[in-house]
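What follows is a short report on a single structure.
Number of protein chains: 2
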Amino acid sequence: MYGKFLVEGDKSVRELLHSTFKIDAIYGLSEWIAAHKAGNCEVHTATQAELTELSTHDHPDQVVAVAEIPPLISDALSASQLYIACDRLNDPGNAGTIIRIADWFGIAAVIFSENSVDAFNPKVVSATKGSLFRVKVMTADLEVLFKDNAALPVLGAYMEGENIYKAKLPDHGILLIGNEANGIGAELSNFITQKVSIPSFGGAESLNAGVATGIIVSEWRRQLS
Amino acid sequence: MYGKFLVEGDKSVRELLHSTFKIDAIYGLSEWIAAHKAGNCEVHTATQAELTELSTHDHPDQVVAVAEIPPLISDALSASQLYIACDRLNDPGNAGTIIRIADWFGIAAVIFSENSVDAFNPKVVSATKGSLFRVKVMTADLEVLFKDNAALPVLGAYMEGENIYKAKLPDHGILLIGNEANGIGAELSNFITQKVSIPSFGGAESLNAGVATGIIVSEWRRQLS
Numbered sequence: 000m001y002g003k004f005l006v007e008g009d010k011s012v013r014e015l016l017h018s019t020f021k022i023d024a025i026y027g028l029s030e031w032i033a034a035h036k037a038g039n040c041e042v043h044t045a046t047q048a049e050l051t052e053l054s055t056h057d058h059p060d061q062v063v064a065v066a067e068i069p070p071l072i073s074d075a076l077s078a079s080q081l082y083i084a085c086d087r088l089n090d091p092g093n094a095g096t097i098i099r100i101a102d103w104f105g106i107a108a109v110i111f112s113e114n115s116v117d118a119f120n121p122k123v124v125s126a127t128k129g130s131l132f133r134v135k136v137m138t139a140d141l142e143v144l145f146k147d148n149a150a151l152p153v154l155g156a157y158m159e160g161e162n163i164y165k166a167k168l169p170d171h172g173i174l175l176i177g178n179e180a181n182g183i184g185a186e187l188s189n190f191i192t193q194k195v196s197i198p199s200f201g202g203a204e205s206l207n208a209g210v211a212t213g214i215i216v217s218e219w220r221r222q223l224s
Numbered sequence: 000m001y002g003k004f005l006v007e008g009d010k011s012v013r014e015l016l017h018s019t020f021k022i023d024a025i026y027g028l029s030e031w032i033a034a035h036k037a038g039n040c041e042v043h044t045a046t047q048a049e050l051t052e053l054s055t056h057d058h059p060d061q062v063v064a065v066a067e068i069p070p071l072i073s074d075a076l077s078a079s080q081l082y083i084a085c086d087r088l089n090d091p092g093n094a095g096t097i098i099r100i101a102d103w104f105g106i107a108a109v110i111f112s113e114n115s116v117d118a119f120n121p122k123v124v125s126a127t128k129g130s131l132f133r134v135k136v137m138t139a140d141l142e143v144l145f146k147d148n149a150a151l152p153v154l155g156a157y158m159e160g161e162n163i164y165k166a167k168l169p170d171h172g173i174l175l176i177g178n179e180a181n182g183i184g185a186e187l188s189n190f191i192t193q194k195v196s197i198p199s200f201g202g203a204e205s206l207n208a209g210v211a212t213g214i215i216v217s218e219w220r221r222q223l224s
């Protein structure tokens, strides 16, 4: 399935149908097919057993679709928008959560480093709850991206960064999120223009990458609103 | 294993050893056992195959322990602290994430409704990344809890609540988080003293329950700091 990805379940497939993504085929239970307009793609009626064959889930929900991965070209970034970049993000749940956060907070694009989890992995697709079809997702060599957009501020989350509640955050730029276990790689840390941190009031060593992203992006939006 | 719970993997078991939790038994690879002081409990050397039998993971990490669930009595709540309550929270990952957030932000206790996921489910334990051993976790009938603590403000997250960036949040009280799909139940909504919402700047219908909790608790701490 080179260049294609799987979209699973009623809710995600309905979001897909409302998106600009190109759909190759839909496989659904006859009731589902009868109740939905599939547009310009192959439509197949499937049994629950056939869906289970196609799906990555043990108990697939009514329908799966095969859609085309859009071109993931890293365009020049705008000097008036907010972006999220992810350095070697591993966990599909975190990737999906971050795409969903980006959708909620109107982030212009989420840019994954080439060695991050595949954003079109079925677990990521599912965790985005449909946000994948609305958020611009790109894959890029982040060193090249930062060099090509050298005028943009780059925020990095660090334990010893400036307190985000007191720091003055820029009105545009890129928030760089590091790998779950190892943080931001040394070669990328040179591009950081502002190190920030979420103040801690207790004993936890760290926050989950998705939660930390949500908190920083929310504070960013709060300062700009 | 009534009244007991399983703690899996090197990092979690090391956090357990540093906690006040009572440990019944530790089962570890001989190298792990040789390298760690287990204190006052049964210690068993196990092979990787034996660990796989005991563990809920296919590839367990060096050690598992059996510990005792502490008494989950819902004490009277303090009028000077922050609390999180969860109404029918279903997902173990969300429950673990919320306990980790509580640890980071110095929340006095996380109180789960009786029909929420079991906080000592191995997936919750793992998702807390050790925070379960530092945060006070209780299970309670939330209606009774709110009646017994009627003087405390109760924040509830709603789509149509006050913008958290502009709302004046109280200097103590309880943040109530609803079920992932259905939000806060009707019978509990009567106890809410302030409805709040995270402003949306994009197309997502909702945020993940853990992320939403992190953002609201962070804003709460910001206003108080």
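Those protein sequences? They're chains A and B, same order as listed.
Going by numbering that gives the first Met the number 0, the residue at position 218 of the first sequence is 217; the numbering climbs one at a time, nothing skipped.
Going by numbering that gives the first Met the number 0, the residue at position 36 of the second sequence is 35; the numbering climbs one at a time, nothing skipped.
Glycine included, each C-beta is placed from N, C-alpha and C at the ideal position.
The structure presented is a predicted model; accordingly, all values stated were derived computationally and were not measured.
Of all the options 55/B, 180/B, 121/B, 78/B, which has the alpha carbon lying nearest to the alpha carbon of residue 172/B? 78/B
Under a three-way DSSP split, which group does residue 95/A fall into? Helix.
Residues in the same chain with beta-carbon distance under 7 Å from residue 40/A, minus the five sequence neighbours each way, listed in chain order, please. 22, 23, 24, 25
On the criterion of 16 or more Cβ atoms from any shown chain inside 10 Å, does residue 70/A qualify as buried, or is it exposed? It counts as exposed.
Grab me the residues of residue 68/A's own chain with a C-beta within less than 6 Å of its C-beta, minus the 5 sequence neighbours each way, in chain order. 2, 4, 119
Could you say if the segment 108 to 115 of chain B and the segment 211 to 220 of chain A meet the contact criterion of at least three C-beta pairs nearer than 8 Å? With a cut-off of 8 Å on Cβ pairs, the segment 108 to 115 of chain B is not in contact with the segment 211 to 220 of chain A, counting fewer than three such pairs.
Beta-ladder partner(s) of residue 109/B, from DSSP: 83/B, 136/B
Is there a Cβ of chain A sitting closer than 8 Å to that of residue 210/B, yes or no? Yes, residue 210/B counts as interfacial toward chain A.
Buried versus exposed call for residue 66/A [16 or more other C-beta atoms within 10 Å across all chains shown]: So residue 66/A counts as buried.
Three-way DSSP call (helix, strand, coil) for residue 218/B in this model: helix
Cross-strand partners of residue 44/A (DSSP beta bridge): Per DSSP, 27/A.
Opposite residue 190/A in the DSSP bridges: which residues? Residue 190/A is not bridged to any residue.
Residue 172/B bridges to which residues according to DSSP? 81/B
Given residue 170/B as reference, the closest of 127/B, 153/B, 185/B, 125/B once Cα atoms are compared: Selected option, being the one with the closest Cα: 153/B.
Mind listing which residues of the segment 78 to 111 of chain A have their C-beta closer than 8 Å to chain B's C-betas, in chain order? Within the segment 78 to 111 of chain A, the qualifying residues are 92, 96, 99, 100, 101, 102, 103, 104, 105, 106.
Does residue 13/A get closer than 8 Å to chain B when you measure Cβ to Cβ? no
Residue 203/B at chain A interface by Cβ criterion, 8 Å: yes
Endpoints, the beta strand (DSSP E) within which residue 3/A is located: For residue 3/A, the enclosing beta strand (DSSP E) covers residues 3 to 7.
Decide yes or no for the touch test of the segment 56 to 64 of chain A against the segment 138 to 153 of chain A: beta carbon pairs closer than 8 Å, at least 3 of them. With the cut-off at 8 Å, the segment 56 to 64 of chain A and the segment 138 to 153 of chain A do not touch.
Cα-Cα separation between residue 140/B and residue 45/A, rounded to whole angstroms: Take the alpha-carbon of residue 140/B and the one of residue 45/A: they are about 44 Å apart.
Kindly give me the distance between the Cβ atoms of residue 97/B and residue 176/B, rounded to whole angstroms, as I take these residues to be in contact under 8 Å. 7 Å
Quick one: is residue 227/B near chain A, going by C-beta distance under 8 Å? Shown here, chain B extends from 0 to 224; a query on residue 227/B therefore has no answer.
For chain B, find out if any of its Cβ atoms is closer than 8 Å to the Cβ of residue 198/A; answer yes or no. yes
By the 10 Å Cβ neighbour count, where 16 or more other Cβ atoms means buried, how is residue 155/A classified, buried or exposed? buried
Alpha carbon to alpha carbon, how far is residue 49/A from residue 34/A? Give it in angstroms, no decimals. Between the alpha carbons of residue 34/A and residue 49/A lies a gap of roughly 19 Å.
Proximal residues to residue 114/A (C-beta, below 7 Å), its chain only, five neighbours per side dropped: 87
Should residue 213/B be flagged as near chain A, meaning a C-beta pair shorter than 8 Å? yes
Residue 180/A - DSSP class collapsed to helix/strand/coil: coil
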